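Residue numbers (my numbering): 2 to 151.
Printed below as a string of structure tokens:
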């Protein structure tokens, strides 16, 4: 989906790491709740087809650092606000409603920041720097003229 579309069909576009088992589990749950209505567009940032240009310029490294979403009007949100908005869109806003209280929202963002910092380790994956390097190496190999098939 491109931001060039003045009237996107989704209410919110969720950028998620399709190589993170925790993220995939949550996304699968949310997809079931969306039930094919298309209120939430799910975009896998780990896909080789992911394009920052179609996602408000959010590159892979930035998206990997913290969860991001894009509202239908193009506004970028991140951290706990993403979960609050997605759950509201799917009719489950009560789950994150308490995070609307400023001090609780601040605390939730701090806890999420710790989670974001350690989620790769907790899922048995390499560091973010190593993952980014592997992606860059794969991109260079895939796009090198000697590796192109006619």
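Using N, Cα and C, we set each Cβ at its ideal position, and we do this for glycine too. This structure is a prediction, so every number in the text was calculated from the model and none was measured.
Could you check if residue 101 is buried or exposed, using at least 16 other CB atoms within 10 Å of its CB as the buried criterion?
As a first step, residue 101 is located in the chain shown; it is residue number 100 there, counting from the start. The residue in question, residue 101, is exposed, as its Cβ has fewer than 16 Cβ neighbours within 10 Å.
Is the beta carbon of residue 130 less than 9 Å from the beta carbon of residue 49?
By one-based count along the chain shown, residue 130 stands at place 129. By one-based count along the chain shown, residue 49 stands at place 48. One thing to note: residue 130 has its Cβ no nearer than 9 Å to the Cβ of residue 49.
Buried or exposed, going by whether 16 or more other CB atoms sit within 10 Å of the CB of residue 76?
Walking along the chain shown from the start, residue 76 turns up at place 75. Per the 10 Å Cβ criterion, exposed.
Who does residue 15 pair with in a DSSP beta bridge?
Counted from its first residue, the chain shown places residue 15 at position 14. Bridge partners of residue 15: 43, 70.
Beta-carbon separation (whole angstroms), residue 152 vs residue 47, contact threshold 8 Å:
Since the first residue of the chain shown is 2 and the last is 151, residue 152 is not available in this structure.
Would you kindly work out how many angstroms separate the C-alpha atoms of residue 39 and residue 33, rounded to a whole number?
Taking the first residue of the chain shown as 1, we reach residue 39 at position 38. Taking the first residue of the chain shown as 1, we reach residue 33 at position 32. Approximately 11 Å, taken between the alpha carbons.
Candidates 71, 122, 31, 119: closest to residue 96 by CA position
Stepping through the chain shown from its first residue, residue 96 is reached at position 95. For residue 96, the closest alpha carbon among the candidates 71, 122, 31, 119 is that of 31.
Residue 199: first and last residue of the uninterrupted alpha helix (DSSP H) it sits in:
Limits of the chain in this structure are 2 at one end and 151 at the other, which puts residue 199 out of reach.
In whole angstroms, give me the CA-to-CA distance for residue 11 and residue 93.
Here residue 11 corresponds to residue number 10 of the chain shown, with the count starting at 1. Here residue 93 corresponds to residue number 92 of the chain shown, with the count starting at 1. Approximately 17 Å between the Cα atoms of the pair.
Is DSSP giving residue 59 helix, strand or coil here?
The residue labelled residue 59 in the question sits at position 58 within the chain shown. The three-state secondary structure of residue 59, taken from DSSP, is coil.
Could you spell out where the alpha helix (DSSP H) holding residue 1 opens and where it closes?
With the chain running from 2 to 151 in the structure shown, residue 1 is simply not present.
Compute the Euclidean distance between the alpha carbons of residue 60 and residue 51, then round it to the nearest angstrom.
Counting from one through the chain shown, the residue named residue 60 turns up at place 59. Counting from one through the chain shown, the residue named residue 51 turns up at place 50. Rounded to whole angstroms, the gap between the alpha carbons of residue 60 and residue 51 is 9 Å.
Would you say residue 86 and residue 72 are within 9 Å of each other, going by their C-beta atoms?
Here residue 86 is taken as the residue at index 85 of the chain shown, counted from 1. Here residue 72 is taken as the residue at index 71 of the chain shown, counted from 1. The Cβ atoms of residue 86 and residue 72 sit closer than 9 Å to each other.
Do you know whose CA, among 114, 103, 35, lies nearest residue 67's CA?
Residue 67 sits at position 66 when you count from the first residue of the chain shown. It is 114 whose Cα lies nearest to the Cα of residue 67.
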